[in-house]
Structure formats: structure tokens, C-alpha cells
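The block underneath contains the structure these notes are about, expressed in C-alpha cells.
Protein chains: 2
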Amino acid sequence: MSDAPRLNHQVCFALYSASKAATAVYRPVLDSLGLTYPQYLVMLVLWEEEPRTVRELGAALGLDSGTLSPLLKRLEALGLVERRRSQEDERRVDIHLTDAGRELSGGAAAVPKRLADAAGLSAAELSQLHSTLQRLTAALHSADKQ
Amino acid sequence: MSDAPRLNHQVCFALYSASKAATAVYRPVLDSLGLTYPQYLVMLVLWEEEPRTVRELGAALGLDSGTLSPLLKRLEALGLVERRRSQEDERRVDIHLTDAGRELSGGAAAVPKRLADAAGLSAAELSQLHSTLQRLTAALHSADKQ
DNA sequence: GTGAATTGAGTTGTGCGCAATCTAATTGTG
DNA sequence: CACAATTAGATTGCGCACAACTCAATTCAC
Chain A
1256 MSDAPRLNHQ VCFALYSASK AATAVYRPVL DSLGLTYPQY LVMLVLWEEE PRTVRELGAA
1316 LGLDSGTLSP LLKRLEALGL VERRRSQEDE RRVDIHLTDA GRELSGGAAA VPKRLADAAG
1376 LSAAELSQLH STLQRLTAAL HSADKQ
Chain B
1256 MSDAPRLNHQ VCFALYSASK AATAVYRPVL DSLGLTYPQY LVMLVLWEEE PRTVRELGAA
1316 LGLDSGTLSP LLKRLEALGL VERRRSQEDE RRVDIHLTDA GRELSGGAAA VPKRLADAAG
1376 LSAAELSQLH STLQRLTAAL HSADKQ
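Same order as they appear, the protein sequences are chains A and B. When the first sequence is numbered by our numbering, its final residue is 1401 and no position is left out of the sequence of numbers. When the second sequence is numbered by our numbering, its final residue is 1401 and no position is left out of the sequence of numbers.
Rendered as C-alpha cells:
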């Protein structure tokens, strides 16, 4: 038998599959809101505090302008956000919520419940998973820089 | 304070971030092999057993023909696989490894070690994370069907 | 056996995700 | 002040993901 790595032994593939499965569970709910999953993430950040610059959104989500610029244009076309050049620093673009964008927050409150219901894990297991994932992500990011 | 869901409370976002961070850690090694992460996953499946049909690869990885067809054409252009119509059932396309494809397995053996080294988790924690993720993925898939 | 239904791949279109590059605005240095 | 370096955002290009659709091969029902 070869010593080639086996698919099902790879934590990386387990992460990849779980992440895809989780967004698939969210998809029907998000469809009814007219959002994709990354668009939903951007709205989550803005619901916490706005306006935010493109840079701030990118830092919160780990996305660069190549991803965010067109995504934000689509959110603007949906009437959920507005993009305005900052006056203090004309390089910056502040992303503001519109009234429609703020109102969407109500409909989105039910979204994360779906995952908890479908997860088949106890609250304690979910919470432990969450904290392990956060530590893993932080460690991988710092390893990546070296 | 609003009851809008908070980004950092979402397990789904933790999965999404961890998955991206893990593939980012793999990227430099895979670059040196000339593979993307999904291409590496396909090669992993083929190193275990070949030939495999497009359908079988899709079942193993959770990908459909819309993703796999062009990906397999790129692997074929790289000289790593060959696509041959099955004789028993002309609808099927069997994916065979070339000699170059088989040889790549050696260079890839070091890939998963990178994650373990960078993870910052004990072997026990990694193993528990792995099993939790597999149960989560299974539960999410079965929830998705209903 | 023939037509309907199913199955296996491929194609098209949309939206990420990320590297690389570009431009304009700002900051830092002499 | 001038000019190099940095920063913010946008653009381009490529490769997934995934839905929707097409087409051909096979199977199923009668």
C-alpha cells in the first residue's frame, strides 16, 4: 500500500466539506432574502456598526478588494447599501446601510438557528467546535505569515 | 442593542474562515506541485483507486459535473490524467492517472503535514475536531435533503 | 420492442476568492 | 516644497461552486 495521504484522513477536507455543507443549509433561507452567503456576511458586519470602509469589511471577513468591490456593487444594486467617498480621505469608500438594508436584519435573525437545528450536535459540542475553529484559524493565519 | 446575529457568534463563519485559512496554508506547497486545492483533492481520490468515473469523483468530493468537467480537462492538459469513454456504458468517462500523475503522489505526501504543524492544536484536539466535523457534515447533509 | 423516464457528462451563466496590476490620494523624507 | 513610498479601492484574469439546461446513452414499463 502506498503512503499517499488519504482523503478521509485530512482535516483540511473535513473543514472544506463542513463549510460547504453549512452554506448549503443556509442557502434556501438566504435565497428568500435575496442574498448570497458572502453578501450575508457583509450585511452582518454592517448591522453591527456602520458605516464601514471597504478596508474594514475586508479585515473583518478576510476578503480583499478584488472580492468586495464587485460584491458591494451588487449589494448597492439591490438597494441595501450605499457607497460614498469619505471626505476626510478621498481614497476611502464608506459603506452605509439603506433603510431597506437595515430592515433586512429582522428577516435574517432566523438564519443562524437553521444551522444549530440541523447540526445534530449538542450545544456544548457546537460551542467547543466554535472555539477550536477560532483557535485553529488564528494559528493558521500566524503560521501563514512566516 | 439589536438582536441581529453577530458575526463572531456564528459557527458557520468560523467554518468558512478556518477552511479558507487551511487552504491558504496548503497553497504554497500545492503551487510548487502545480495544483490548486480542488485539483489536489481529485488527485487524492485517484491515488487511492483508479480509474474512477466523473460521477464517482463527484460523490467522493461533493462536487458536480459543472465543477469537475472543466477541472478534469485542466488536469488532462497538465498531463496528470486521461479521460476515456467507458466501453460498457458510453455515458461514463473513466479518469485514469498518467505516469506523471502517479509520480506526483510522492511530492504530495508532505502536504498534510503542513496543516498539522501550523494548526497549533494537539494531536488529540485535531483528531476530535476531525470527528466532530465529519459528524456535523453528515448531519447537515441529511438535514438538507428534507 | 418501443416510447418514457433516468442517468452521466458537458455547457452556460452568475458569483465568489485571490493574485497581480493600476490609479489616485495621502504620508513621509530630504 | 518636491518626490518617493505607502495606502485605499478598483480592475483583470483564472479557477472553483453551483444552478439550470442540453444531449446522448441506458433502463424501465408497458
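For glycine and all other residues, C-beta sits at the position ideal for the given N, C-alpha and C.
Contact list for residue i against chain B, beta-carbon separation under 7 Å
i, result
"Gln-1265 (chain A)", "Pro-1367"
DSSP beta-bridge partners of residue i
i, result
"Asp-1351 (chain B)", "One point to set straight first is that residue 1351 (chain B) is His, not Asp, in the sequence displayed. Beta-bridge pairing links His-1351 (chain B) to B:Glu-1337."
"Arg-1390 (chain B)", "DSSP lists no partner for Arg-1390 (chain B)."
"Arg-1307 (chain A)", "A:Ile-1350"
Interface flag, residue i vs chain A, CB-CB below 9 Å
i, result
"Glu-1311 (chain B)", "no"
Proximal chain A residues relative to residue i, where beta-carbon distance stays under 7 Å
i, result
"Pro-1260 (chain B)", "Leu-1299, Ala-1363, Ala-1364, Val-1366 and Pro-1367"
"Gly-1317 (chain B)", "Ser-1272 and Lys-1275"
Reference residue i, options the options, closest by Cα
i, options, result
"Thr-1387 (chain A)", "B:Ala-1379, B:Arg-1346, B:Ala-1393 and B:Thr-1392", "B:Ala-1379"
"Arg-1338 (chain B)", "B:Glu-1345, B:Asp-1344, B:His-1396 and B:Leu-1327", "B:Leu-1327"
"Ala-1355 (chain A)", "A:Glu-1331, A:Asp-1344, A:Ala-1364 and A:Gly-1375", "A:Glu-1331"
"Leu-1316 (chain B)", "A:His-1385, A:Leu-1395 and A:Ala-1269", "A:Ala-1269"
"Leu-1333 (chain A)", "A:Gln-1294, A:Lys-1275 and A:Ala-1277", "A:Gln-1294"
"Glu-1358 (chain A)", "A:Thr-1322, A:Gly-1313, A:Val-1336 and A:Ala-1279", "A:Val-1336"
"Ile-1350 (chain B)", "B:Pro-1367, B:Ser-1324 and B:Arg-1261", "B:Ser-1324"
"Arg-1346 (chain B)", "B:Leu-1384, B:Arg-1282 and B:Val-1309", "B:Val-1309"
"Glu-1304 (chain A)", "A:Leu-1352, A:Ser-1377 and A:Gly-1361", "A:Leu-1352"
"His-1396 (chain B)", "B:Ala-1314, B:Ala-1373 and B:Gly-1375", "B:Ala-1314"
"Ala-1371 (chain A)", "A:Ser-1272, A:His-1264 and A:Val-1280", "A:Val-1280"
CB contact check: residue i to chain B, cutoff 9 Å
i, result
"Thr-1353 (chain A)", "no"
"Ala-1273 (chain A)", "yes"
"Leu-1296 (chain A)", "yes"
"Leu-1327 (chain A)", "no"
Amino acids of chain B, ordered along the chain, whose beta-carbon sits closer than 8 Å to that of residue i
i, result
"Gly-1356 (chain A)", "Chain B residues near Gly-1356 (chain A): none, gap ~12 Å exceeds 8 Å."
Contact list for residue i against chain A, beta-carbon separation under 8 Å
i, result
"Leu-1270 (chain B)", "Leu-1270, Ala-1273, Ser-1274, Ala-1277 and Leu-1388"
Neighbour list for residue i in chain B, Cβ cutoff strictly below 9 Å
i, result
"Leu-1323 (chain A)", "None at all; the shortest Cβ gap to chain B is about 14 Å."
Near the ligand FAD: residue i beta-carbon under 8 Å from a heavy atom
i, result
"Gly-1361 (chain B)", "Absence of the ligand FAD from the depicted structure is noted, as is the absence of any ligand whatsoever, leaving it without description."
Residues from the stretch 1369-1399 of chain B in contact with chain A, defined by Cβ distance under 7 Å: Leu-1370, Ala-1373, Ala-1374, Gly-1375, Leu-1376, Glu-1380, Leu-1381, Leu-1384, His-1385, Thr-1387, Leu-1388, Gln-1389, Arg-1390, Leu-1391, Thr-1392, Ala-1394, Leu-1395, His-1396, Ala-1398 and Asp-1399
Interface positions of the stretch 1279-1290 of chain A facing chain B (Cβ-Cβ less than 7 Å), listed along the chain: Ala-1279, Val-1280 and Tyr-1281
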